[in-house]
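A.B. asks: Sharing a structure with you now.
4 protein chains.
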Amino acid sequence: MSSSETVEVTGHLMDSGVLSQILDDIREYEGDWVIDSIDVGREAADTSTATITVTSVDDEALQRLLMRLQTRGVNMVDPGEASVSPCDQDGVFPDGFYSTTNLPTKVRLDGTWLPVENPEMDCGLVVTREGDRTRVVTLPMSDVRVGMQVVCGASGIRVTVPEVARDEEHFGFMESDVSSEKPQAVLVRQVAEGMREAKEAGRKVLWVGGPGVVHTGAAPAMVAMVEAGFVDVLFAGNALATHDIEANLYGTSLGVDLAHGRGVKHGHEHHIRALNTIRKEGSIAAAVESGVLTGGIMHALVTHGKRFVLVGSVRDDGPLPDVHTDVLDGQRAMRAELPDVGFCLMVATMLHSVATGNILPASIPLVCVDINPATVTKLADRGSSQARGIVTDVGLFLEQLAHELVPGYRRA
Amino acid sequence: MSSSETVEVTGHLMDSGVLSQILDDIREYEGDWVIDSIDVGREAADTSTATITVTSVDDEALQRLLMRLQTRGVNMVDPGEASVSPCDQDGVFPDGFYSTTNLPTKVRLDGTWLPVENPEMDCGLVVTREGDRTRVVTLPMSDVRVGMQVVCGASGIRVTVPEVARDEEHFGFMESDVSSEKPQAVLVRQVAEGMREAKEAGRKVLWVGGPGVVHTGAAPAMVAMVEAGFVDVLFAGNALATHDIEANLYGTSLGVDLAHGRGVKHGHEHHIRALNTIRKEGSIAAAVESGVLTGGIMHALVTHGKRFVLVGSVRDDGPLPDVHTDVLDGQRAMRAELPDVGFCLMVATMLHSVATGNILPASIPLVCVDINPATVTKLADRGSSQARGIVTDVGLFLEQLAHELVPGYRRA
Amino acid sequence: MSSSETVEVTGHLMDSGVLSQILDDIREYEGDWVIDSIDVGREAADTSTATITVTSVDDEALQRLLMRLQTRGVNMVDPGEASVSPCDQDGVFPDGFYSTTNLPTKVRLDGTWLPVENPEMDCGLVVTREGDRTRVVTLPMSDVRVGMQVVCGASGIRVTVPEVARDEEHFGFMESDVSSEKPQAVLVRQVAEGMREAKEAGRKVLWVGGPGVVHTGAAPAMVAMVEAGFVDVLFAGNALATHDIEANLYGTSLGVDLAHGRGVKHGHEHHIRALNTIRKEGSIAAAVESGVLTGGIMHALVTHGKRFVLVGSVRDDGPLPDVHTDVLDGQRAMRAELPDVGFCLMVATMLHSVATGNILPASIPLVCVDINPATVTKLADRGSSQARGIVTDVGLFLEQLAHELVPGYRRA
Amino acid sequence: MSSSETVEVTGHLMDSGVLSQILDDIREYEGDWVIDSIDVGREAADTSTATITVTSVDDEALQRLLMRLQTRGVNMVDPGEASVSPCDQDGVFPDGFYSTTNLPTKVRLDGTWLPVENPEMDCGLVVTREGDRTRVVTLPMSDVRVGMQVVCGASGIRVTVPEVARDEEHFGFMESDVSSEKPQAVLVRQVAEGMREAKEAGRKVLWVGGPGVVHTGAAPAMVAMVEAGFVDVLFAGNALATHDIEANLYGTSLGVDLAHGRGVKHGHEHHIRALNTIRKEGSIAAAVESGVLTGGIMHALVTHGKRFVLVGSVRDDGPLPDVHTDVLDGQRAMRAELPDVGFCLMVATMLHSVATGNILPASIPLVCVDINPATVTKLADRGSSQARGIVTDVGLFLEQLAHELVPGYRRA
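Protein chains in written order, with our numbering: chain B, 1 to 412; chain P, 413 to 824; chain D, 825 to 1236; chain L, 1237 to 1648.
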């Protein structure tokens, strides 16, 4: 009655702790194991290979355990062919559907290994055939429709875990923990370096930001980086954009506060009037065009032709006319910006950082900056294994980052 | 050119610090003042009355300052009549619209003071006339439509700040600060007392919860309180409901964790399958009906005929079929549950607590419980003056609360 | 049987909230009050004066309430003469001793108002007479000796609360709260300005630091500020000095970590060997002299002839030979450095910041920088009314401060 | 020139992640390795054994790496004899001294393996010979004296890492992380169980507490546990004892606060008078005897003949006459209480928890409870591998613990 499968995994199993995690997973899923063979490299630089026979109480349990192990890069020795079932209810996957990781994935159909086009975690895999061409795409649950062909079970699937280079100098920070007690000036330089590399490779830099960017006085620094070409896309909510616009529309009063460090009082009334003003114009871009909005982050994005996706939340006032009030629409708009992103920086927002972490492929370097350790930890916990966290002050961090990236940057 | 108005305020001005806040507001809005008269009660129990002439650079600035001061209960000595302008663009208020507080408010039209029916902050006031009857209702910006009559300026408006009883024993906690160093067992009793009073007065108890309710093992305590009639409405997001359902559908594995205190591992796959299962059933209630869902908080709410409003966010997987994916729809659904609410408890969620704080009238007692001081502080900062914050462990707090409210409650 | 006294207070009573605090104090001490007269300035810039008759159940309670009120600058209309009692037990004050504030204080003896020489909170006042000369000094409880003349009760004492200038631009931050959402770059400049002003006035800059200064990579920035003359005295514990020395003695391994941002591993063994090495030399200065210690913060202090006081705690390993292991000795050594201090910066330490806050006169400007809001709040709560708090990253803060203070500073 | 040694380690190397940690240590110490053999158990329950040849640049580096590896339970295949050198300066170990762990340790002298009597981390090992009897004791650096024989290098030393039982139900919490999102009611029961087991085994329960125990209203619960025999020794600072005594001496005013949940105002003056009162009596016990102190935690400890060690810190006022003002004296007094301790609970104090963690043998189960995750994490990071952390509210935690441990406990 119990069901078994032989799997294998290759890599720096010993010194990365990955073997330990694999056995933990098996235990958590109430399975059992026998290590059939293990070949540890003798020298420090060698990779190891382990072959393990995994057993569960029944085939359903085994399939789910195998899907889980794939998130660690553990694949079946004999993967066979992928199994596909049709969707028979809109927005609902067939039973036993394969739940995706955000890792590079291949699916074997008719003896051929096909790459999954847009890896994203917690989705399903849909197979489409157009003429001779067969494609496998990741699809979120809410977008599946009757008749679509959905991959089920773990057979015929191969997942690759990116090798973390041992000797790499940049992004070696936060290898295992989150701490505010780190040499922060060094970390800033590493982030700047990561952004430059992405741009040099012709890829986009994605920013995800919360209103703390404005409150900590970092808007001028961010504007400088927009102008210098280091912000291609911004994901945010209603709050960042509204506070940024409010600071620019009511500059006299709030400007004084920001310039003198008095801290932002709770001037809801400014906030509400700023929203009404932009709604009257029809959009942020229209407000820039008409001369109503003349400065700040959103203004810089519009005038430099950069992209932004604002997605609403239940606590929003207004909201701004550019905000997606339907969160599924918002997620779709975010997904549409992901192609060619080569670096992602998340600053001062838990909600949008987690949302972005959910849809980003694991192959994109990702840095999360927040003064609250919980935000950074939460993101890393969500399975975004490529995430690096920096617990620091957002205002000073962006100020220093502008110094690194923008020659001659000097705060007014 | 400068513009003046004489205002007055009555209350415990001296010992509540409210006079200090009023003068701060005037300074922040760049106005000036002369204290025309001040009558301080001689004895400790007496109230004081101050009459102040306020001056701003022009009438527009003055109107905005006067609106601001109304949030402190400062009203014009000679309020005059309310001024009304028609809306000429959907979703946009006329310039100079009156931005609301969540305090009891009256509007003077044709010499008569009319009460505002549903006080809510950061909205506009719309005047409707049906036959002889004139009504004033609060309307959020996004719901205003062309032709509606909107109150503008601060004339003809009177706001009452609820007197905080000095000698009250319950809800005297967190008078001025947020701290984890408080006698927590006492606070639990005060919350229980507040809930009992609301129920005895025939009013509803509103809960606002985050997934921490489930993670901290407090679901059994909350179920007991649902059964005992102390949860009439629940506002939450996709996460609380999904984690609660997941814990019940995959009880064997996750149940073990919860029972043994191992902490919840990141079993995304369970999470995703739970979502798919309920989506297949069509709704949470349908899953209860069909016997798929047999326990937990959502099950208890359904079987006891209690209400819940789930509103989505951009980070959601799935979501559950009951979730409002449009946040403005979600806000409307939440508003519809507010009549007759007499007590509100917010537990372990920043997002939904702020959203609820935004729409609650100030007259409803409100307690916010979170282990993170920032969440509690943020809510209090938003102008929810009736808010009381408790920084404590959510799991132990709800456990103790069930002990207070449910005779014979004993954790299984 | 009940006992009364008439007191008066002058200042910006209304807009500073101080009157509200005074009435709160009376209530907390279970007294009662009648406001005899209040003269509020009519204009915003005017000061107010209130005369209040305060009543308590008996004279002892009244005296204690009066002492409490003095911390708010409330003094008796008819202060009379100070009452003095002899100490009859070493280390114990007479009953009813006057418990000090850290505010400028005068004591009336034989009809003459004498200034208290070294204001410090929570101490007693001792009167000494040498020939014609009578002096009043602050003495901590543990240092009082049999026969000393100690001031008792609140009679004959006058306390002045420094007027906080309303329009001052620097150090207006954190007037009422602690927040990480502030324009941080502005705050750095204000601190730099405060230090420059102190130096220009010929006064000393006191630093209080924790080991986070080293862990966050800020040691080079601090060394630059020592060299530039902005660090006259350092108060710290064993940890800051040991980590600084360890980083310099074992530069190869730990240096790599600091340079590459890998985060400090828990190399206790390095730590212990660093301690043993310096103990062998006899002192930090001896280790500098002998060439064993060649860099870092402690090295810079020694070579530039700056002062430091290291005081031990129960968690210390070693400790370094320079550490005061008796905490009362340590407090005495700290007090001895206070004369001529004109500015105090506290960085990344709760323990030593509170200890320093306890002994500093209120007249010395004080800024506390920490990434943990609780540390900053705790200090402000302790009655250090002159304290300003900045919640930010210590590493980036000191890096920026060095940029402001040291022309041409550039991190190696 | 490079130097090598072959070491071995046995245990659940794979699934505990310990092998990964070992290789990390070698890398951090700039050594190199060859895995000579590895025998992984085939089944899940089997232990593994690895033999590794470790290489460093020279013998000194190798010795230090070997000492480091011993903290992981890695011992030399051919340990040889321990090497001993005399101390030639008071308070300074000889160069190359062996730096201890807090694990069970044996030292080989004259062919015999001798157990180290009192394991403590970051100390040295001193060999004493009385007649035929040779003993090895742990000694802190500050207590070593000229002529003592100190073990140097890693030869002849064997360290045992306690096997963590995989299937144990209690204290399985916080296996890998610290989180406030745990089923807290379950954790309380596990702590109660741990205390009962220690008492049944005839061992002592050690508490380490901060003033938060009093502020959170948990003193009555703690008193009940003292009376029921679950508090044998208390380690604390001046603050816990002073606040506890203050609450009892000035019960009327402060009692009101604690009973009504108003939060403790900053009544320094009460605090200072409480200190003076006890100093006058000469000791806490004398104040109990004379009837001055009639309730609270300290009173309960005295009347039930329990032990306490109070150690001062630089921020102390007073302090109480029972407080050790010299921190090294304080550490010695703490060490003297450790024999027969079988369980340790740390509540609401970073300083004394770290101090106690420094001197506790690894074999004593240890639970740290704090609402601040940083405190819990810091302790676990310090190498106290047996530590379990619970992030929760201290007041509710102790209240629940009293419910579990004291039949019929009911808060007054």
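Every residue, glycine too, gets a C-beta built ideally from N, C-alpha and C.
Keep in mind that this is a model prediction, so the values were computed, not measured.
(1) Looking at chain L, is there any beta carbon in it that lies within less than 8 Å of the beta carbon of B/Ile-371?
(2) Taking the C-alpha atoms as reference points, what is the distance between B/Leu-13 and B/Leu-19?
(3) Am I right that B/Arg-72 and B/Val-151 are in contact with their C-beta atoms under 8 Å? What's the rounded C-beta distance?
(4) Buried or exposed: which applies to P/Arg-541, given that a residue is buried once 16 or more other Cβ atoms fall within 10 Å of its Cβ?
(5) Between the alpha carbons of L/Ala-1521 and L/Ala-1569, how many angstroms are there, rounded?
(6) Using a beta-carbon distance below 8 Å, is B/Ala-221 in contact with chain L?
(7) Do P/Val-421 and P/Val-625 have their CB atoms nearer than 8 Å?
(8) Using a Cβ-Cβ cut-off of less than 7 Å, give me the residues of the stretch 392-409 of chain B that come near chain D, in sequence order.
(9) How many angstroms separate the CA atom of D/Gly-1061 from the CA atom of D/Ala-1111?
(10) Put D/Phe-1167 into one of helix, strand or coil per three-state DSSP.
(11) Measuring only the C-alpha atoms, how far is P/Lys-677 from B/Asp-25?
(12) In terms of alpha-carbon separation, which member of L/Asp-1346, L/Arg-1432 and L/Gly-1445 lies closest to L/Asp-1368?
(13) Using the Cα positions of D/Lys-1023 and D/Leu-1225, report the straight-line distance between them to the nearest angstrom.
(14) When the Cα of P/Thr-768 is compared with those of P/Lys-718, P/Ser-702, P/Leu-435 and P/Asp-534, which residue comes out closest?
(15) Along the chain, where does the beta strand (DSSP E) containing P/Gly-621 start, and where does it finish?
(16) Residues in its own chain within less than 6 Å of P/Ala-566 by CB, not counting five upstream and five downstream?
(17) Helix, strand or coil for P/Lys-718? Go by DSSP, reduced to three states.
(18) Am I right that D/Ile-1183 and D/Arg-1159 are in contact with their C-beta atoms under 8 Å? What's the rounded C-beta distance?
(19) Would you tell me roughly how many angstroms separate the C-alpha atoms of D/Leu-1164 and D/Arg-1027, rounded to the nearest one?
(20) Let me check understanding here. Comparing Cα to Cα, which of L/Met-1458, L/Gly-1445, L/Val-1243 and L/Glu-1264 lies closest to L/Ile-1271?
(21) Tell me, please, whether the CB atom of P/Val-598 is closer than 8 Å to any CB atom in chain L?
(22) What residues from chain B crowd round P/Arg-476, counting only those whose CB sits closer than 7 Å?
(23) Give me the Cα-Cα distance between P/Asp-741 and P/Leu-750, rounded to the nearest whole angstrom.
(24) Can you give the beta carbon distance from D/Asp-863 to D/Thr-873, rounded, assuming they're within the 8 Å contact cut?
(25) Report buried or exposed for P/Glu-532, applying the criterion of at least 16 other Cβ atoms within 10 angstroms of its Cβ.
(26) With a cut-off of 8 Å, does the C-beta of L/Lys-1614 fall near any C-beta of chain D?
(27) Going by Cα to Cα distance, which pick from B/Gln-331, B/Pro-319 and B/Glu-193 is closest to B/Phe-230?
(28) What did DSSP end up calling B/Gly-124 once you bin it into helix, strand or coil?
(29) So for P/Ile-569, helix, strand or coil by DSSP?
(30) Out of curiosity, what's the CA-to-CA distance linking B/Ala-82 and B/Val-126?
(31) Closest Cβ-Cβ distance between B/Arg-68 and chain P: below 8 Å?
(32) Under three-state DSSP, which class holds B/Ala-241?
(33) Return no unless some Cβ of chain L is closer than 8 Å to the Cβ of P/Gly-801.
(34) Using a Cβ-Cβ distance under 8 Å, would P/Thr-628 count as near chain L?
(35) How about D/His-836: is its C-beta nearer than 8 Å to some C-beta of chain L?
(36) Got a sec: is the Cβ-Cβ distance from D/Ala-1179 to anything in chain L below 8 Å?
C.D. replies: Let me spell this out:
(1) Counting from 1 along the first sequence, the entry for residue 371 of chain B is found at position 371. No, its Cβ sits nowhere closer than 8 Å to a Cβ of chain L.
(2) Here residue 13 of chain B refers to the residue found at position 13 when the first sequence is read from its first residue. Here residue 19 of chain B refers to the residue found at position 19 when the first sequence is read from its first residue. Rounded to the nearest angstrom, the gap between the Cα atoms of B/Leu-13 and B/Leu-19 is 5 Å.
(3) If you number the first sequence from 1, residue 72 of chain B lands on position 72. If you number the first sequence from 1, residue 151 of chain B lands on position 151. Contact doesn't hold; Cβ gap of about 19 Å is too wide.
(4) Taking the first residue of the second sequence as 1, we reach residue 541 of chain P at position 129. Burial check for P/Arg-541: the Cβ neighbour count within 10 Å stays below 16, so the residue is exposed.
(5) Reading the fourth sequence from its first residue, position 285 is the one you call residue 1521 of chain L. Reading the fourth sequence from its first residue, position 333 is the one you call residue 1569 of chain L. Spanning the two alpha carbons is a distance of roughly 17 Å.
(6) Position 221 of the first sequence, counted from the first residue, corresponds to residue 221 of chain B. Chain L contact via Cβ: absent.
(7) Numbered from its first residue, the second sequence carries residue 421 of chain P at position 9. Numbered from its first residue, the second sequence carries residue 625 of chain P at position 213. For P/Val-421 and P/Val-625, no; Cβs fall outside 8 Å.
(8) So the list reads Thr-392, Asp-393, Gly-395, Leu-396, Phe-397, Glu-399 and Gln-400, given in the order they occur along the chain.
(9) To locate residue 1061 of chain D, count along the third sequence from 1; it is residue 237. To locate residue 1111 of chain D, count along the third sequence from 1; it is residue 287. C-alpha separation (whole angstroms): 18 Å.
(10) Locating residue 1167 of chain D in the third sequence gives position 343, where the first residue counts as 1. In the three-state reduction of the DSSP assignment, D/Phe-1167 falls in the strand class, which pools E and B.
(11) As a working mapping, residue 677 of chain P is identified with position 265 in the second sequence. As a working mapping, residue 25 of chain B is identified with position 25 in the first sequence. In this prediction, P/Lys-677 has a pLDDT of 42, which is less than 50 and means its spatial position is unreliable; what the coordinates show is noted afterwards. Their Cα atoms are separated by approximately 9 Å.
(12) Against the fourth sequence, residue 1368 of chain L aligns to sequence position 132. Among L/Asp-1346, L/Arg-1432 and L/Gly-1445, the Cα nearest to that of L/Asp-1368 is on L/Asp-1346.
(13) Along the third sequence, read from residue 1 onward, the residue named residue 1023 of chain D stands at position 199. Along the third sequence, read from residue 1 onward, the residue named residue 1225 of chain D stands at position 401. Computed Cα separation, rounded: 15 Å.
(14) The residue given as residue 768 of chain P occupies position 356 in the second sequence. Closest option to P/Thr-768, judged by alpha-carbon separation, among P/Lys-718, P/Ser-702, P/Leu-435 and P/Asp-534: P/Asp-534.
(15) Here residue 621 of chain P corresponds to residue number 209 of the second sequence, with the count starting at 1. Start and end: 616-621.
(16) Within the second sequence, the letter at position 154 stands for residue 566 of chain P. Around P/Ala-566: Gln-475, Leu-478 and Met-479.
(17) Translated into positions along the second sequence, residue 718 of chain P becomes position 306. Coil, per DSSP.
(18) Here residue 1183 of chain D corresponds to residue number 359 of the third sequence, with the count starting at 1. Here residue 1159 of chain D corresponds to residue number 335 of the third sequence, with the count starting at 1. Under the criterion of beta carbons closer than 8 Å, D/Ile-1183 and D/Arg-1159 qualify as touching, at roughly 6 Å.
(19) Within the third sequence, the letter at position 340 stands for residue 1164 of chain D. Within the third sequence, the letter at position 203 stands for residue 1027 of chain D. With the sequence shown as reference, residue 1164 of chain D is identified as Asp, and Leu is not the correct amino acid for it. The straight-line gap separating the alpha-carbon atoms of D/Asp-1164 and D/Arg-1027 is approximately 5 Å.
(20) As a first step, residue 1271 of chain L must be located in the fourth sequence, where it is residue number 35. Each of L/Met-1458, L/Gly-1445, L/Val-1243 and L/Glu-1264 was checked against the Cα of L/Ile-1271, and the nearest Cα belongs to L/Val-1243.
(21) As a first step, residue 598 of chain P must be located in the second sequence, where it is residue number 186. At least one chain L Cβ lies under 8 Å of P/Val-598.
(22) Residue 476 of chain P sits at position 64 when you count from the first residue of the second sequence. Simply Glu-269.
(23) Here the question's residue 741 of chain P lines up with position 329 in the second sequence. Here the question's residue 750 of chain P lines up with position 338 in the second sequence. Spanning the two alpha carbons is a distance of roughly 15 Å.
(24) Reading the third sequence from its first residue, position 39 is the one you call residue 863 of chain D. Reading the third sequence from its first residue, position 49 is the one you call residue 873 of chain D. Indeed they touch by this definition, with Cβ atoms about 5 Å apart.
(25) Here residue 532 of chain P refers to the residue found at position 120 of the second sequence. So P/Glu-532 ends up on the buried side.
(26) Locating residue 1614 of chain L in the fourth sequence gives position 378, where the first residue counts as 1. Taking Cβ atoms only, chain D never reaches closer than 8 Å to L/Lys-1614, which makes this a no.
(27) The residue given as residue 230 of chain B occupies position 230 in the first sequence. It is B/Glu-193 whose Cα lies nearest to the Cα of B/Phe-230.
(28) Here the question's residue 124 of chain B lines up with position 124 in the first sequence. Collapsing the DSSP output to three states places B/Gly-124 in a strand.
(29) Position 157 of the second sequence, counting from 1, holds the residue named residue 569 of chain P. Looking at P/Ile-569 - three-state DSSP - the assignment turns out to be strand.
(30) Residue 82 of chain B sits at position 82 when you count from the first residue of the first sequence. Residue 126 of chain B sits at position 126 when you count from the first residue of the first sequence. Their Cα atoms are separated by approximately 11 Å.
(31) Working through the first sequence from its first residue, we reach residue 68 of chain B at position 68. Closer than 8 Å: yes.
(32) Residue mapping note: residue 241 of chain B aligns to position 241 of the first sequence, counting from 1. B/Ala-241 falls in the helix class under three-state DSSP.
(33) Working through the second sequence from its first residue, we reach residue 801 of chain P at position 389. So, not an interface residue.
(34) The residue labelled residue 628 of chain P in the question sits at position 216 within the second sequence. At a cut-off of 8 Å between beta-carbon atoms, P/Thr-628 makes contact with chain L.
(35) As a working mapping, residue 836 of chain D is identified with position 12 in the third sequence. No, D/His-836 does not count as interfacial toward chain L.
(36) Numbered from its first residue, the third sequence carries residue 1179 of chain D at position 355. For D/Ala-1179, a Cβ of chain L is located within less than 8 Å of the residue's own Cβ.
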